[in-house]
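A short write-up of the structure that comes next.
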Amino acid sequence: MDPTESDRIIPATTNHTRYQSIGPTGPEEQASPVQHKVGAVALVAMAVLLFSGVVVCGLTATDDRPFFNNGTHAFAPTVIFISLDGTVNQDLEFHITPVLSAMADNGVRAEYMTPSFPPITFPNHWSLVTGLYPEAHGIVGNYFYDANLNDSFYYKSPDKSWDSKWWGGEPIWITAVQQNKKSGVIMWPGCSTEINGVRPSYSVAFHDHVTADDKVDQVFDWIDLPLEDRPQFIGMYVPEVDQSGHANGPYANEASHFSLHLADQSIGRLLDGLKQRNLTDIVNVIVVSDHGMSATDSSRLIYYDDVLTQQELDLIWTIEAFPMLGIRPRLDVDQDKAVETLYQAFRRLYDSLETPHFKVYKKQDFPDRFHFRDNVRIPPLLVLPDPGWNLITHKDYRGGSPYQPRGVHGYDNLSPESRAIFVAQGPNFPKGKTATPFWNVELYNVMSRILNLKPASNNSTLNGILDISE
Ligand SMILES: *[C@@H]1O[C@H](CO)[C@@H](O)[C@H](O)[C@H]1NC(C)=O
Ligand SMILES: *[C@@H]1O[C@H](CO)[C@@H](O)[C@H](O)[C@H]1NC(C)=O
Ligand SMILES: *[C@@H]1O[C@H](CO)[C@@H](O)[C@H](O)[C@H]1NC(C)=O
Ligand SMILES: *[C@@H]1O[C@H](CO)[C@@H](O)[C@H](O)[C@H]1NC(C)=O
Ligand SMILES: *[C@@H]1O[C@H](CO)[C@@H](O)[C@H](O)[C@H]1NC(C)=O
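Residues 734 to 1203 (the working numbering) are what the sequence shown spells out, left to right.
Below, the structure written as C-alpha cells:
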C-alpha cells in the first residue's frame, strides 16, 4: 500500500502516541469479591456448555463489570484478533509454526476456515470483522466501480478508499465503541475509516515495512493501559506472508515458509508477554488468515485474446478483479448487448479449449453458494478460472522470463487451496479441540459473544458458537 497513508502510529481519538506501562491507578482496578463471584458463575456456566460438545465463545453473564483478575489488575473480556494475510491452512502442517501448534494444543484449531468470495484481501478482512458477505458489506474487491456513486474504489489510494461511503456493515471495533467499550486496531483494512460517525478508540493506519514485532509492542502498550482506557478488542494485521506468497509462490516454498515462521515467532512474543503478565487464561488470542494461495505457472495460462476479437476486446471498460475477470463494458454502449456479446465471446473461448479450466457467468447466473450477486458494485460478467490458472492477454505476459506472480488467490472459495487458518486460545476456548469448518462471517458473532456486545445485522448462521468435532 501507499506509504503516504501514514508512517506514524496515531491513535484516533486521544492525544497519546505510544503508551508507557501503567500500573494500577486506583481501587477500581482491583476486582471486588463480588466481581470474582460473577466470574466464577460465568465459568461454571461455560463448563456446563462445554460439556455439551460445543465451543462456547462468550460467557452467560450480562454484567458489564470486569470479571477477571491477573493478581494485580482487573480485566474485562478481551480479544486479540490477528490476521496473517495469505496463510494457507495446509501450511500449518509443516512444522514451521510451532507457536500456532502450541496454541492449537492449548485451545482450538479449525479443520479450516472458509473465506468469503472472492477470497481476496479487502473483501475478506471486512467480512471477518463485520460478519457480512462482501455482497452485503459492499467491499466486493480491492478495486471496483459503483454506478450509483459514479466513482471507483481503489485499495491502494487512501483518497479513493478511506471515504466512509464505501464501507457498509459495522466492524466489531465500532460495535464495541458504540456500546461503551474501547477498541484498538493496527493496520486492519478499513480501520482508518469513520463508520456511523465513529472510529475505533485507537488505530494505527496502514504502513508497509512495520514489523510484526513492532505491532506486538503496540498491542502491549494497549494491554498495559489502565482498565478504563484499555481496549477489549484489539485487531492486528500482518501482510508479510501474503507478500512472500505472491512473490515466491505458496506451498512448501522456502521463502514463504520463512515469512510464516517469522510471523509465528512474533505471535510467540505476544503469547510470552501475556504469560509474563499472567494473562494467558484471561485474554483470548485468535489468529486467522483472510484466504489461502494457489501456485501459478506459465503452464497454466489462458490467453483470451487468442479467441476474442479486437472489436470484442474494445467493448471492455474495466476488469475489476483478478484472477477472476470481473468485466464491465464501456459505459457508452448498450450494456445488456455488450454483456451478451462478451459472454458469447468467452463461450467461444471455452469451446475452443479441450479442457477449458474456467467458467463464464453473467452476474445474475453466478451460483448462490458464492453469495456474490446482490450488489451494484459486482460487474455484470464474471470469468472464474480454476485454482492456479490465469486468464491473460499476450500483452500481459510474452513468455521468456518466469511468470509473475508465482502465487495467486481469489479463486473458488471452496477450493482447498483457498482455505484460511483459524487458531484460538484463551478463557472462551476449550483446550486441544478441533472446530468443524465454518465460514469466516461467523467470527463477528463469536467475538460479539466473548465481548458481551449486541451484534449488528450479520450473515452468521451459528449464533456465535463454533461446533467442535472431537
Ligand atoms: C494469576 O491469575 C490468576 C487468576 O487468573 C490468579 O489466581 C493468580 O493468583 C495470579 N497469579 C499471580 C502470581 O498473581
Ligand atoms: C461520471 O464521472 C465522470 C468523471 O469521473 C464523468 O465524466 C461522467 O459524466 C459521470 N457520469 C455520470 C452519469 O454522472
Ligand atoms: C497484570 O497485568 C498488568 C497489565 O498488563 C501488568 O502490568 C501486571 O504486571 C500483571 N500482573 C501480574 C501479576 O502479572
Ligand atoms: C446478510 O445480511 C444482510 C444484513 O442483515 C442482509 O441484508 C442479507 O440479506 C444477508 N444475506 C443473506 C444471504 O442472508
Ligand atoms: C446476527 O447474529 C445474531 C447473533 O447470532 C442474531 O441474533 C441475529 O439474528 C443476526 N442478525 C441478522 C440480521 O442476521
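Beta carbons: idealized from backbone N, C-alpha and C, even for Gly.
Values in this document were obtained by computation on a predicted structure and should not be read as measured data.
Query                                                                                                                                                                           : Result
Take the Cβ of Ser754 as the centre, count every other Cβ of all protein chains shown within 10 Å, and call the residue buried at 16 or more, exposed below.                    : Residue confidence for Ser754 is low, a pLDDT of 21 falling below 50, so the modelled location carries little weight; the figure read from the coordinates is stated next. Result: exposed.
Look at the alpha carbon of Ala843 and the alpha carbon of Ser894, and state the distance between them as a whole number of angstroms.                                          : 32 Å
Apart from the five residues on each side of it in sequence, which residues of its chain come closer than 6 Å, Cβ to Cβ, to Ser1031?                                            : Tyr1136
Report back the beta-carbon spacing between Phe1103 and Ile1111 to the nearest angstrom; my notes put them in contact at under 8 Å.                                             : Contact flag wrong, Cβ pair sits at about 10 Å.
Taking C-beta to C-beta, are Ile1035 and Leu1117 nearer than 8 Å?                                                                                                               : no
Could you give the distance in angstroms between the alpha-carbon of Arg932 and the alpha-carbon of Asp954?                                                                     : 19 Å
For a test of the three-state rule: what should DSSP assign to Tyr1037, helix, strand or coil?                                                                                  : helix
Measure from the alpha carbon of Asn875 to the alpha carbon of each residue in Lys898, Gly1143, Ile1183, then state which is nearest.                                           : Gly1143
Grab me the residues of Glu1085's own chain with a C-beta within less than 6 Å of its C-beta, minus the 5 sequence neighbours each way, in chain order.                         : Sequence check: residue 1085 is Ser here, not Glu. Val1040, listed in sequence order.
Give me whichever residues DSSP pairs with Trp1172 in a beta bridge.                                                                                                            : Thr847
Sort Leu1195, Asn1185, Leu1199 by Cα distance to Pro1163 and report the nearest one.                                                                                            : Leu1199
Could you check which residue in Gln1077, Gln1043, Gly1001 has the C-alpha nearest to that of Leu833?                                                                           : Gly1001
With 16 other CB atoms within 10 Å as the buried threshold, where does Pro766 fall?                                                                                             : Summary for Pro766: the model assigns pLDDT 28, below 50, so the residue's position carries little reliability; its value from the coordinates is reported in the next sentence. Per the 10 Å Cβ criterion, exposed.
Any idea what DSSP makes of Trp1050, helix, strand or coil?                                                                                                                     : strand
Can Asn1205 be considered in contact with ligand 1, in the sense that its beta carbon sits closer than 7 Å to one or more heavy atoms?                                          : Any question about residue 1205 goes unanswered here, given that the chain covers just 734 to 1203.
Can you grab the Cα-Cα spacing for the pair Leu1082 / Ala880, in whole Å?                                                                                                       : 29 Å
Taking all protein chains shown into account, do 16 or more other C-beta atoms lie within 10 angstroms of the C-beta of Val1072, making it buried, or fewer, making it exposed? : buried
Which residue marks the beginning of the alpha helix (DSSP H) containing Asp1119, and which one marks its end?                                                                  : Segment: none, Asp1119 is in no alpha helix (DSSP H) and carries neither H nor E.
So what's Tyr935 in DSSP terms, helix, strand or just coil?                                                                                                                     : strand
I need the boundaries of the alpha helix (DSSP H) containing Gly1001, first residue and last residue.                                                                           : 987 to 1009
With distances taken from CA atoms, which of Thr854, His1127, Val862, Arg1152 is nearest Ser916?                                                                                : Val862
Could you check whether the Cβ of Asp1014 sits closer than 7 Å to any heavy atom belonging to ligand 1?                                                                         : yes
Considering only residues of the same chain and omitting the five flanking positions on each side of Leu1003, which have a CB-CB separation below 6 Å?                          : Val949
Hey, could you find the ends of the alpha helix (DSSP H) Asn857 is sitting in?                                                                                                  : 854 to 863
Please state the DSSP three-state secondary structure of Pro891.                                                                                                                : helix
Helix, strand or coil for His769, going by three-state DSSP, please let me know.                                                                                                : Unreliable positioning characterises His769 in this predicted model, as indicated by a pLDDT of 27, which lies under 50. A coordinate reading is not provided.
Round the Cβ separation of Ile907 and Ile928 to the nearest angstrom and send it over; I've been treating them as touching at under 8 Å.                                        : 5 Å
Can you list, in chain order, the residues of its chain with a C-beta nearer than 7 Å to that of Phe1099? Leave out the 5 residues immediately preceding and following it.      : Phe1105, Arg1106, Leu1115
Short of 6 Å in beta carbon distance, which residues of its chain neighbour Gly819, apart from the five on each side in sequence? Order them along the chain.                   : Val974, Asp975, Gly978, Met1026
For ligand 3, is there any heavy atom lying closer than 7 Å to the beta carbon of Thr847?                                                                                       : no
Leaving out five residues before and five after Asn1011 in sequence, what residues of the same chain have Cβ atoms less than 7 Å from its Cβ?                                   : Asn803, Gly804
Find out if the Cβ-Cβ distance for the pair Asn1178, Gly864 is shorter than 8 Å.                                                                                                : yes
Would you mind sorting Thr1029 into buried or exposed? The rule is 16 or more other CB atoms within 10 Å of its CB.                                                             : buried
Tell me the rounded alpha-carbon separation between Phe814 and Ser897.                                                                                                          : 23 Å
Taking Cβ positions, are Pro1170 and Met836 nearer each other than 8 Å?                                                                                                         : no
With distances taken Cα to Cα, identify the nearest neighbour of Gly968 among Ser890, Val918, Glu1087.                                                                          : Val918
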